[in-house]
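Asks:
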Amino acid sequence: MEIAGIDVALILPILILYLALLVTALVDLIRHWNIRKNPIIWLIVVCVINIIGPVAYFIFGRKEEFK
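Be aware that the sequence shown starts at 2, since it is given in my numbering, and climbs by one per residue.
1. Would you give the residue range spanned by the alpha helix (DSSP H) that Tyr58 belongs to?
2. What first and last residue would you give for the alpha helix (DSSP H) that runs through Ile32?
3. Compute the beta-carbon to beta-carbon distance between Gly62 and Arg37, rounded to the nearest angstrom, for a pair I have assumed lies under 8 Å.
4. Do you know how far the Cα of Pro40 is from the Cα of Leu22?
5. What residues in its chain sit with their C-beta under 8 Å from that of Leu30, if we drop five residues either side in the sequence?
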């Protein structure tokens with residue numbers, strides 16, 4: 002199946018991975034809202050910066066919990 006010349010079979014796994022990362026990052030952020038130093042900033046980063054936002058949260062944001 003193609004939409005505007007783009008094969009959906011190529012885009013669908015990337016979209017599913019992005020949505021899984023986004024939901025997981027948001028759930029973790031909400032569960033540890035009081036532990037994070039800047040939860041509002043992390044919320045904006047995760048929601049606004051597409052794929053890199055959730056990845057950056059898991060790399061840099063979760064480390065704050067152990068400090």
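C-beta: ideal position from N, C-alpha, C; glycine also. Quick caveat, the model's predicted, so the values are computed rather than measured.
Replies: Quick answer:
1. Along the sequence shown, read from residue 1 onward, the residue named residue 58 stands at position 57. Counting along the chain, Tyr58 falls outside any alpha helix (DSSP H), and DSSP gives it neither H nor E.
2. For the purposes of this step, residue 32 is identified with residue 31 of the sequence shown, where counting begins at 1. Note that residue 32 is Arg in the sequence shown, not Ile. Unbroken alpha helix (DSSP H) run through Arg32: Val9 to Arg32.
3. In the sequence shown, residue 62 corresponds to position 61, counting from 1. In the sequence shown, residue 37 corresponds to position 36, counting from 1. 7 Å between Cβ atoms; contact.
4. Against the sequence shown, residue 22 aligns to sequence position 21. Against the sequence shown, residue 40 aligns to sequence position 39. Answer to the nearest angstrom: the Cα atoms are 17 Å apart.
5. The residue labelled residue 30 in the question sits at position 29 within the sequence shown. Once the five neighbours on either side are set aside, the close Cβ partners of Leu30 are Arg37, Pro40, Trp43, Leu44, Val47, Tyr58 and Gly62.
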